[in-house]
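First residue of the first sequence? That's 13 in the numbering used here, and the numbers climb one at a time after it.
All C-beta atoms, glycine included, are put in the ideal place defined by N, C-alpha and C.
The next block holds one structure in the form of structure tokens; read it before the comments.
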Amino acid sequence: MLDIKFIRENKEVVQAGAKKKHVNINIDDLIVLDDKRKEILSSIEKKRAEQNLISEKIPTATPEERQKMIDDMKVVKESMQKEEESLKEIMKNWQDAMLHVPNIPDMSVPDGDTDKDNKEIKVWGEKPVFNFEPKDHVELMTKLGMVDFERGAKVHGFRGYFLTGDGARLSFAIWQYAMEFFGDNKTSKNFIPVISPAIVRKVSLYGTGHLPGDVEDFYMTQDGDALAGTAEVPLMAMHSEEVLDLKSLPKRYLGFSPCYRREAGAHSKDVKGLIRVHEFYKFEQLILCEASHEVSVAFHEEINRNTEEFIESLGIPYHTVLNCGGDLGLGQVKKYDVELWVPKENTYREISSASYFHDFQTRRLNIRYKDAEGKLRYAHSLNCTAIPTPRILVSLVENYQQADGSVKLPEVLQKYMGKDSIK
RNA sequence: GGAUAGGUGGCUGAGUGGUCUAAAGCAACAGUCUUGAAAACUGUCGUCCGCGCAAGUGGACCGUGAGUUCGAAUCUCACCCUAUCCGCCA
């Protein structure tokens, strides 16, 4: 959510930002609506002031005066009720429009429509060269008894999977390593680990900017709650309606949670394997910091770099892209995706998104802090995937596969697995 | 799922229809006193929106939303949440 005052004063910038994000919205219409809102509100407030004034006098008035005042106020009340009706209607439209105004993308965000237009800004690692015909992760993992898609489909249905044996062990190894890498307070990363709820109320999804949008993307419970697709949602909602202590900022959280995605619009995409599943686990970095663009930018670079470092320590080739305007979410100012090399597909696949939001989310969630002057301000928020499982397994096994169908293990994971390869 | 009690400012807590703008205490901040601190005393002390260069001024907010009334923290209805007990349960 943007500040209506800011929108009014910078309508060209806001309109241009929406255009860059390929969001269809007319800011002029919103401002006309806001004019109407202000006009009626001011009229109601004047009437209410009159009502308050007379109401004070009624108890001490003589019986005749009193009756006259009450009669007068009946008239005021009636006209006020009419105005309140139309205000209610206007406010409904106003709030809906406000929720659809996107945050303004950063100057450095390239133009473009889809992820095809994202700009590669970094390439790391040597792509493996195989002197044999490499297998894809489905075949590799199935043969090694790491995954069972057939029974996954039997039990869960489309996109269902079991991680079995070393598939499960490797997942735990990655989780343990990630905990040590990000969540150990003896390292520089120093995030506070949090196991967060995946069941959230819808208001939390509005808060993060996932709604309004396609409700079809979420699994809903019979109580009207949603299953979150990322720990970003509960972690952001955790401090909603709070005034934080300046000294407690920045808040650095490492969320761990199951993630649920219906993938409603993706039925023909990635139908095989572990790339696109309905249910997975993810470590997520999330930061709440003071309201400063420079501070946000610095943390944004940091959390993205953290993920890059983690991937580098696993020795998997990757590149980082700067997302184009059309590939940004409603609230995002700027986003980097880290994508890992998938040899058999001969392409990079996204495993991480780092974005910052300025006060877009915190304004919706009402997360504030008192600055050094004692003034209340909305905090800034950022988040970045730390590591998603099982998607990470795809690149891991394909890049580390050997001619005999075994998979070598990255050195950093060997101590958790108690061996150096999966056979 | 059942029963009971509740939701008032940063916290505790009074307030059941009109005598102004929600009592009091605690905490916080500033000052006086003090070598310094504590104590004591004095003062300040909510958020959001509108108008105004400003001093200021108008409105809203007592869990949320609706209703009754000239007037609602107070009455009515619905919902949400919390606590305790019972039931069920990994």
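Check, Outcome
"Beta-carbon proximity of S407 to S418, cut-off 9 Å", "no"
"Entirely enclosed alpha helix (DSSP H) segments - the segment 326-389, minimum 4 residues", "372-377"
"Collapsed DSSP secondary structure at K198 in the structure displayed", "coil"
"E97, buried or exposed, once every other Cβ within 10 Å from all chains shown has been counted against 16", "exposed"
"CB contact flag (E228, G277, <9 Å)", "yes"
"Boundaries (first-last residue) of the alpha helix (DSSP H) holding S55", "I39 to K69"
"Rounded separation between K347 and V206 - CA only", "24 Å"
"Whole runs of the beta strand (DSSP E) within the segment 85-137, excluding any shorter than 3 residues", "131-136"
"In DSSP terms, what D226 is bridged to", "The partner list for D226 (beta bridge, DSSP) is empty, contrary to what the question assumes."
"CB contact flag (V121, K32, <9 Å)", "yes"
"Pairwise C-alpha distance: D371 and T199", "29 Å"
"Sufficient close CB pairs (3 or more, under 8 Å) joining the segment 153-166 to the segment 389-397", "no"
"Other residues of its chain near P270: CB distance less than 6 Å, five sequence neighbours each side excluded", "A210 and Y293"
"Exposed unless 16 or more other CB atoms sit within 10 angstroms - verdict on T242", "buried"
"Identity of the residue in Y330, G327, L266 and R273 nearest I299 by Cα", "L266"
"Distance between F369 and E291 (C-alpha atoms, nearest Å)", "26 Å"
"Cutoff 6 Å; reference P315; Cβ partners in own chain excluding five residues on either side", "Note that residue 315 corresponds to Ile in the displayed sequence, not to Pro. Contacts found: Q297, A366 and C396."
"Residues near I43 in its chain [Cβ-Cβ closer than 8 Å; skip 5 each side]", "I19, R20 and K23"
"CA-to-CA distance, Q27 to H222, given in whole angstroms", "21 Å"
"Rounded distance between the beta-carbons of R361 and I287, thought under 8 Å", "6 Å"
"Between the CA atoms of M13 and L182 - distance to the nearest angstrom", "41 Å"
"Inter-residue CB distance, F174 and V159 (contact presumed, cutoff 8 Å)", "7 Å"
"C-beta contact flag for E275 and R171 at 9 Å", "yes"
"For K94 and V88, the rounded distance between their alpha carbons", "10 Å"
"Option nearest Y428 by Cα separation, candidates E132, I16 and A190", "A190"
"Coarse secondary structure for M153, derived from DSSP in three states", "helix"
"Same chain, Cβ closer than 8 Å to R49, five either side skipped, listed in chain order", "L99, I102, M103 and W106"
"Distance, R403 Cα to F322 Cα", "15 Å"
"Straight-line gap, N202 to T319 (C-alpha atoms, nearest Å)", "14 Å"
"Span separating the alpha-carbon of V289 from that of A165", "11 Å"
"Beta-carbon separation (whole angstroms), H34 vs D125, contact threshold 8 Å", "6 Å"
"Contacts around P114, its chain only, beta-carbon distance under 7 Å, and the 5 residues preceding and following it disregarded", "G29, A30, K33, V35 and L342"
"Under 9 Å between C-beta atoms of E302 and P262", "yes"
"As assigned by DSSP and simplified to three states, the class of M232", "strand"
"Rounded Cβ spacing between A238 and V212 (contact assumed at less than 8 Å)", "6 Å"
"Reference V255, options N378, W136, G337 and L352, closest by Cα", "N378"
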